[in-house]
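Here's the structure, in structure tokens; my notes come after.
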Amino acid sequence: MVEDRAGVLNRISSMFRRRGYNISSLAVGKSESAGLSRMTFVVDGDAKTVEMVVKNLHKLVEVIKVADISEENAVSRELALIRVKCDVATRSEIMQIVDIFRAKIVDVSQDT
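Sequential numbering of the sequence shown, starting at 16, is according to this note's numbering.
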């Protein structure tokens, strides 16, 4: 959890860059608490590297809470927004593919 202010992501990513840590994945969004954002990092490295990342994050003023969840059970999902141009004939085929992969159609228009 970090303070929801401009520049916080830059300061945190700069710490990663200075220390030479590689970020495999990064997700940032508002949290359930006003004024705070949730940042989720996936860091490549052994247990010692992860421990050092956690310690360095704790040193940053804007960081409120750090948790290493690498040993916890987790569900991982990916998100992709894909725009598909199709005609009426292929629309039903695309909808079947969406069902097979448990995807979700967000919007349908005349030609997409």
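Beta carbons: idealized from backbone N, C-alpha and C, even for Gly. Only a predicted model underlies this, so the values are computations on that prediction, with no experimental measurement involved.
Using the DSSP secondary-structure output, state which residues sit across from M54 in a beta bridge. In the DSSP output, where bridge partners are listed per residue, M54 has V43.
Taking 8 Å as the cut-off, does the stretch 28-47 touch the stretch 55-75 (at least 3 CB pairs, one atom from each stretch)? Judged by Cβ distances under 8 Å, the stretch 55-75 makes contact with the stretch 28-47, as three or more pairs qualify.
Suppose the cutoff is 6 Å on Cβ atoms and the five residues either side in sequence are ignored; what does the same chain contact list for M54 look like? Within the same chain, M54 has close Cβ partners V17, V43.
Simplified DSSP assignment, three categories, for E93: Of the three classes helix, strand and coil, the one that applies to E93 here is coil, per DSSP.
Among R106, A21, R26, whose alpha-carbon lies nearest the alpha-carbon of K74? Considering only R106, A21, R26, the residue with the shortest C-alpha distance to K74 is R26.
Return the first residue and the last residue of the alpha helix (DSSP H) that Q111 is part of. Where Q111 is concerned, the enclosing alpha helix (DSSP H) stretches over 103-115.
Alpha carbon of S2 to alpha carbon of L72, nearest angstrom: This structure leaves residue 2 out entirely; the chain is present only between 16 and 127.
Kindly identify the DSSP beta-bridge partner or partners of E18. Residue pairing by DSSP places E18 opposite L51 in a beta bridge.
Proximity to Q125 [Cα-Cα], best of V103, K45, D61, E86: Sorting V103, K45, D61, E86 by C-alpha distance to the C-alpha of Q125 places V103 at the top.
Separation of A49 from F56, as counted between CA atoms: Near 21 Å, if we compare the C-alpha coordinates of A49 and F56.
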